[in-house]
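J.: Pasting a structure here, questions to come.
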Amino acid sequence: MEQKNINRTSLFWASCMSLLVTSLSFGIRAGILNRLGIEFSLNAQQLGTIAATAFWGFPLAVVIGGFVVDIIGMKRLLVIAFLFHLLGIGLTVFANGYWSLFISTLLIGIANGTVEAACNPLVATIYSENKTTKLNHFHLWFPGGIVIGTLIVMLFDKMGLGWQVQVATMFLPTLAYGYLFLKLDFPVTERVASGVSTGDMYKAVLTPLFIFMFICMFGTAITELFTNQWVGLLLSKATSNSLLLLTITTGIMVIGRGFAEPIVHRFSPAGVLLASATLAALGLYMMSTVNGNMLLVAALLFGIGVCYFWPTMLGFVSENIPKSGAVGMNLMGGAGMFAVSVYTAFMGGVYDNIISKNLPSGADLKAYQAAAAGSTEATAFANAQLVAGPEVIRTTLVIPIVLVVAFTGLVIYMRGRKKAQAPATA
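Counting from 1, position 40 in the sequence shown corresponds to residue 40 in our numbering; the numbering is continuous, with no gaps.
Written out as structure tokens, the structure is:
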């Protein structure tokens, strides 16, 4: 549905630039998370809460945005995202402790959610004939930005530049997408253009298929985003290349999403989701059990597994429950990010508890964390981390195993529905 006087190519690339800012915030934060803990004397639970605030702000913004995008338009939403990104990045650069990091990360999360609230329905509208493929192409900029973010961290570390400078690099793509969106004309959403009533849209999100996909979104989002956000910290003592694991995972996601079209058309969205859950489970299992260079193989398998999760979940809903409109897509995104926020905060506490259990009886966790390198306390803390990281990953492994069962059922259901509809379309 290419609406009149709309330059869909320019709108698509401006959308990709805005998603790049979102993903840079994840990649750079993942790279500096451990450093923030040391500099501001934060334990894993506090770091988990700070990381989780990005996921709290996201569902808040994406759900509210989903309800108002048809009313105020996609362009106004993206101007709001631009302003929140500027404020959140600025406050992060000048953060001086737990609460300033908490508030600035929350603002960036709100900006990130607002970007998705506007851009997911925008891409589905301007490419209504090829939604799942174009959503995969759009969302390749999420892992792409994480790769760029982690490379920025590694490069700037070698140059001796601090984490504040690394965060400040996000100003450049933010100013770029703000400028692009301000000068472009926007279409109305596909739901509005198609004449689907608001009542029909709300009925669509109450159907059993939508509710099933909504629940599955919890699992796909946690599997992908929690692991990618925390893998550097969880496996920092198991390998000297923990940040490289994230780079490999997200790098393979960029390549996979770039070649999504033949895969999605060959196997169907439901089949792609089943294969993804299977490979993600295998990758997580390997991460929790192997060491050394085999961890790089585990990261590769995991990256292939989670590659198509997010965009294919959105594309499936948009294609198979089209009346759900922008609300449906944004409820899915909000569900995923909310689940990740809860899980991340919870697992930060679990990680601390596992470490405490593996330290000498009565040991002060903060004192051991802050101990000087080479001391007995620092060695004990590192050994405890070596146990805790894989254990957290093993706990998370349960989620993609459940998804394998769920998506097997989805494949069977969609094949049955296709056969049932065949006589009517013959």
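Idealized CB from N, CA, C, for every residue including glycine.
Label residue 373 either buried or exposed according to how many other C-beta atoms from any shown protein chain fall within 10 Å of its C-beta, with 16 as the threshold for buried.
T.: Its Cβ having fewer than 16 others within 10 Å, residue 373 is exposed.
J.: Keeping to the same chain, check which residues put their C-beta closer than 6 Å to that of residue 427; ignore five residues upstream and five downstream.
T.: Since the displayed the chain opens at 1 and closes at 426, residue 427 lies outside it and no answer follows.
J.: Comparing alpha-carbon positions, which option in 150, 282 and 14 lies nearest residue 31?
T.: With distances taken between Cα atoms, residue 31 lies closest to 150.
J.: Are the CB atoms of residue 118 and residue 135 nearer to each other than 8 Å?
T.: Contact: no.
J.: Mapping the DSSP letters down to three states, classify residue 185 as helix, strand or coil.
T.: In this structure, residue 185 counts as coil in the three-state DSSP scheme.
J.: By a C-beta neighbour count over all protein chains shown, 10 Å radius and 16 as the cutoff for buried, is residue 332 buried or exposed?
T.: That one is buried.
J.: Have a look at residue 296 and residue 311 and give me their C-alpha separation to the nearest angstrom.
T.: Computed Cα separation, rounded: 25 Å.
J.: Short of 7 Å in beta carbon distance, which residues of its chain neighbour residue 14, apart from the five on each side in sequence? Order them along the chain.
T.: Result list for residue 14: 177, 180, 181 and 184, in chain order.
J.: Residue 329 to residue 414, Cα distance in whole Å?
T.: Using only the alpha carbons, I get a separation of about 19 Å.
J.: Closest to residue 103 by CA distance: which of 369, 114, 54 and 342 is it?
T.: Selected option, being the one with the closest Cα: 54.
J.: If I measure Cβ to Cβ from residue 349 and keep anything under 6 Å in the same chain, skipping five residues before and after, which residues do I get?
T.: Excluding residues within five positions, the ones whose Cβ falls inside 6 Å are 45.
J.: Taking 8 Å as the threshold (C-beta atoms), are residue 220 and residue 309 in contact?
T.: Their beta carbons are under 8 Å apart, which means residue 309 touches residue 220 by this criterion.
J.: Let me know the secondary structure DSSP gives residue 18 once reduced to three states.
T.: Of the three classes helix, strand and coil, the one that applies to residue 18 here is helix, per DSSP.
J.: Please state whether the Cβ-Cβ distance between residue 141 and residue 318 is less than 8 Å.
T.: Cβ distance not < 8 Å, so residue 141 and residue 318 don't count as in contact.
J.: Just reading off the alpha helix (DSSP H) that residue 353 is part of, what are its end residues?
T.: Note, residue 353: alpha helix (DSSP H), 325-357.
J.: Please classify residue 262: does DSSP put it in a helix, a strand, or coil?
T.: Three-state DSSP puts residue 262 in a helix.
J.: Mind checking residue 262: buried by the 16 CB within 10 Å criterion, or exposed?
T.: When all chains shown are included, residue 262 counts as exposed.
J.: At what residue ranges does the stretch 135-159 contain a whole run of the beta strand (DSSP E), taking only runs of 3 or more?
T.: Counting only runs of 3 or more, we get nothing.
J.: By Cβ distance below 6 Å, which residues in the same chain neighbour residue 288 in space, the five residues on each side in sequence not counted?
T.: Answer for residue 288: 390, 393 and 394, listed in chain order.
J.: Per the contact definition of three or more C-beta pairs closer than 8 Å, is the stretch 355-374 in contact with the stretch 248-257?
T.: In short, these stretches do not touch, since the Cβ pair count stays below three.
J.: Does the distance from the CB of residue 62 to the CB of residue 164 come in under 8 Å?
T.: No. Outside cutoff.
J.: When DSSP labels each residue in this structure, what does residue 7 get in the three-state scheme?
T.: Reduced to three states, the DSSP call for residue 7 is coil.
J.: Along the chain, where does the alpha helix (DSSP H) that runs through residue 112 open and close?
T.: Note, residue 112: alpha helix (DSSP H), 98-126.
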